[in-house]
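J.: Be aware that the sequence shown starts at 41, since it is given in the numbering used here, and climbs by one per residue. For each residue, glycine too, the CB sits at the ideal point set by N, CA and C. Questions regarding the structure given below will be posed in turn.
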Amino acid sequence: MAYSGRLAVIAGGLGGLGTAIAQNLRRKGAHLALLYAPFEASRREEALSTAFQSKTPEKVTTIECDITSDTSVAEAFEAIEALAEERSIFPSICINAAGYVSVQPLAETSAEEARKNIVPNLLGPMIVSQAFYRLYTTHRSAREFHINDKTVSKPPGRIVSISSQAAHVALDGHGPYCASKAGLNALTRCMALEWGPVGITSNTVSPTVVLTELGKKAWADPEKRQAMESMIPTGRFALPAEIAASVEYLCRDDSGMVNGADLRVDGGFTIR
41 MAYSGRLAVI
51 AGGLGGLGTA
61 IAQNLRRKGA
71 HLALLYAPFE
81 ASRREEALST
91 AFQSKTPEKV
101 TTIECDITSD
111 TSVAEAFEAI
121 EALAEERSIF
131 PSICINAAGY
141 VSVQPLAETS
151 AEEARKNIVP
161 NLLGPMIVSQ
171 AFYRLYTTHR
181 SAREFHINDK
191 TVSKPPGRIV
201 SISSQAAHVA
211 LDGHGPYCAS
221 KAGLNALTRC
231 MALEWGPVGI
241 TSNTVSPTVV
251 LTELGKKAWA
261 DPEKRQAMES
271 MIPTGRFALP
281 AEIAASVEYL
291 CRDDSGMVNG
301 ADLRVDGGFT
311 IR
């Protein structure tokens, strides 16, 4: 399979979108290290059993991690490094799928509320990506890579961060969120520039509204949903599987010349 012997680290791996991405990579052979926030601890077992139905549980590991904390991320990546060594798998993929959004008129948005958007959406992916960079470069330089006892070429590094159509357009009531996602895209371009030479590509995927369970609840009002969908040329919201497929494309070996790009999966919302 495409990702046999490889480890994918997924921040936000228990969320609706993170789970869809994780399931797709797992089907294609990847081992998974799913980072989840402390507030998700109570639903970890249920989320894990529902998403993966106990198939090959040894290939799916969950690690509690506050992505906004250097210390928490460092501890999580120590566990990931130990996992990679124990199972002789190569940490080659990093997905930033955790995030936060709130809706409020900009004039009424407090600095604290702005931080709630900016810190997990921008600083968090930076901290996680830095930790992945260190782990990847250490493994790339320090050891041979084997699959079925055969020495093979070390896999390329892939960082894919979930951005948003909000990175490209102004959305009413989403000031800090728009800023955080635009910042994430800019940060990713810098990562692509600096880390491309060591074999890591860095890209973003910018979806429109995605019909995760949370997305369905947020847009449950038929009138509200129809109004938003009418602004999308394809006339509908995205499915989690469509975003997962887009992310997986950017993880492939043959996507190596895609670096510093943003893949808009928005049905054409941002072309207006």
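Could you please give the first and the last residue of the uninterrupted beta strand (DSSP E) stretch that includes D294?
T.: Position 254 of the sequence shown, counted from the first residue, corresponds to residue 294. No beta strand (DSSP E) contains D294, which DSSP labels as neither H nor E.
J.: Hey, quick one: how far does the alpha helix (DSSP H) through Y217 stretch, first residue to last?
T.: Counting from 1 along the sequence shown, the entry for residue 217 is found at position 177. Element bounds for Y217: G215 to W235.
J.: Do the CB positions of V209 and T310 come within less than 8 Å of each other?
T.: Translated into positions along the sequence shown, residue 209 becomes position 169. Translated into positions along the sequence shown, residue 310 becomes position 270. Cβ atoms of V209 and T310: closer than 8 Å.
J.: Closer than 8 Å is the cut-off here; do at least three beta carbon pairs connect the region 215-226 with the region 174-182?
T.: No contact exists between the region 215-226 and the region 174-182.
J.: Around the Cβ of T108, are there at least 16 other Cβ atoms within 10 angstroms (buried) or fewer (exposed)?
T.: Taking the first residue of the sequence shown as position 1, residue 108 is located at position 68. So T108 ends up on the buried side.
J.: Whole-angstrom Cβ separation of G300 and S242, contact assumed at under 8 Å?
T.: Counting from 1 along the sequence shown, the entry for residue 300 is found at position 260. Counting from 1 along the sequence shown, the entry for residue 242 is found at position 202. Between S242 and G300 the Cβ distance is about 7 Å, and since that is below 8 Å, they are a contact.
J.: How would you call P160, buried or exposed, if buried means at least 16 neighbouring beta carbons within 10 angstroms?
T.: As a first step, residue 160 is located in the sequence shown; it is residue number 120 there, counting from the start. With 16 or more other Cβ atoms within 10 Å, it is buried.
J.: Residue range of the alpha helix (DSSP H) that A122 falls in?
T.: Against the sequence shown, residue 122 aligns to sequence position 82. Residues D110 to R127.
J.: How about T59 and A91: do their beta carbons lie closer than 8 Å?
T.: For this step, residue 59 is matched to residue 19 along the sequence shown. For this step, residue 91 is matched to residue 51 along the sequence shown. Going by C-beta atoms, T59 is nearer than 8 Å to A91.
J.: Return the CA-CA distance between A154 and L290, expressed in angstroms with no decimal places.
T.: Counting from 1 along the sequence shown, the entry for residue 154 is found at position 114. Counting from 1 along the sequence shown, the entry for residue 290 is found at position 250. Roughly 30 Å between the two C-alpha positions.
J.: Is the region 262-277 in contact with the region 207-221, if contact means three or more CB pairs nearer than 8 Å?
T.: Not touching, per the Cβ criterion.
J.: Do you know offhand how far N136's Cα is from A260's?
T.: The residue you call residue 136 lines up with position 96 of the sequence shown. The residue you call residue 260 lines up with position 220 of the sequence shown. Computed Cα separation, rounded: 27 Å.
J.: Rounded to whole angstroms, what's the CA-CA distance from S203 to A73? Just pull it up for me.
T.: Walking along the sequence shown from the start, residue 203 turns up at place 163. Walking along the sequence shown from the start, residue 73 turns up at place 33. C-alpha separation (whole angstroms): 21 Å.
J.: In whole angstroms, what is the alpha-carbon distance linking H71 and A119?
T.: Numbered from 1 along the sequence shown, position 31 holds the residue referred to as residue 71. Numbered from 1 along the sequence shown, position 79 holds the residue referred to as residue 119. Straight-line Cα distance between these residues: approximately 14 Å.
J.: Whole-angstrom Cβ separation of C134 and I199, contact assumed at under 8 Å?
T.: Taking the sequence shown and counting its residues from 1, one reaches residue 134 at position 94. Taking the sequence shown and counting its residues from 1, one reaches residue 199 at position 159. Indeed, because the Cβ distance is near 5 Å, the residues count as touching under 8 Å.
J.: Could you give the residue range of the beta strand (DSSP E) that holds P131?
T.: In the sequence shown, counting from the first residue as 1, residue 131 sits at position 91. Where P131 is concerned, the enclosing beta strand (DSSP E) stretches over F130 to N136.
J.: Nearest-angstrom Cα distance between A87 and L54?
T.: Counting from 1 along the sequence shown, the entry for residue 87 is found at position 47. Counting from 1 along the sequence shown, the entry for residue 54 is found at position 14. Straight-line Cα distance between these residues: approximately 7 Å.
J.: Using a Cβ-Cβ cutoff of less than 8 Å, which residues in the same chain neighbour G335 once the five nearest sequence positions on both sides are dropped?
T.: Outside the shown range of the chain, which is 41 to 312, sits residue 335, and nothing can be said about it.
J.: Using the Cβ count rule (16 or more neighbours within 10 Å means buried), how would you classify V250?
T.: For this step, residue 250 is matched to residue 210 along the sequence shown. That one is buried.
J.: Using the Cα positions of S142 and P78, report the straight-line distance between them to the nearest angstrom.
T.: Position 102 of the sequence shown, counted from the start, is the residue given in the question as residue 142. Position 38 of the sequence shown, counted from the start, is the residue given in the question as residue 78. Approximately 19 Å, taken between the alpha carbons.
J.: Excluding five sequence neighbours on each side, which residues of the same chain lie with their C-beta closer than 7 Å to the C-beta of L254?
T.: As a first step, residue 254 must be located in the sequence shown, where it is residue number 214. Excluding residues within five positions, the ones whose Cβ falls inside 7 Å are G56.
J.: Is the beta carbon of K221 less than 8 Å from the beta carbon of F130?
T.: Along the sequence shown, one-based indexing puts residue 221 at 181. Along the sequence shown, one-based indexing puts residue 130 at 90. It is not a contact, given that the beta carbons lie outside the stated cut-off.
J.: Taking Cβ positions, are V168 and A51 nearer each other than 8 Å?
T.: Taking the first residue of the sequence shown as 1, we reach residue 168 at position 128. Taking the first residue of the sequence shown as 1, we reach residue 51 at position 11. Yes. Within cutoff.
J.: Just to confirm, is the Cβ distance from A171 to A114 under 8 Å?
T.: Locating residue 171 in the sequence shown gives position 131, counting from the first residue. Locating residue 114 in the sequence shown gives position 74, counting from the first residue. Yes. Within cutoff.
J.: Hey, how far is the Cα of V100 from the Cα of E148?
T.: In the sequence shown, counting from the first residue as 1, residue 100 sits at position 60. In the sequence shown, counting from the first residue as 1, residue 148 sits at position 108. Approximately 42 Å between the Cα atoms of the pair.
J.: Mind reading off the beta-carbon distance from P237 to S201? Whole number of angstroms is fine, and I expect it under 8 Å.
T.: In the sequence shown, residue 237 corresponds to position 197, counting from 1. In the sequence shown, residue 201 corresponds to position 161, counting from 1. No, P237 and S201 are not in contact; Cβ-Cβ is about 20 Å, not under 8 Å.
J.: The alpha helix (DSSP H) spanning T101 covers which residue range?
T.: One-based indexing of the sequence shown puts residue 101 at position 61. T101 -> not in any alpha helix (DSSP H); beta strand (DSSP E) instead, spanning V100 to E104.
J.: Between L254 and the ligand SAH, is there a pair consisting of the residue's CB and a ligand heavy atom that are separated by less than 7 Å?
T.: Among the components modelled here there is no ligand, and therefore nothing to report on the ligand SAH.
J.: Indicate whether D302 and T244 have their beta-carbon atoms separated by less than 8 Å.
T.: Walking along the sequence shown from the start, residue 302 turns up at place 262. Walking along the sequence shown from the start, residue 244 turns up at place 204. Result yes, Cβ atoms of D302 and T244 sit closer than 8 Å.
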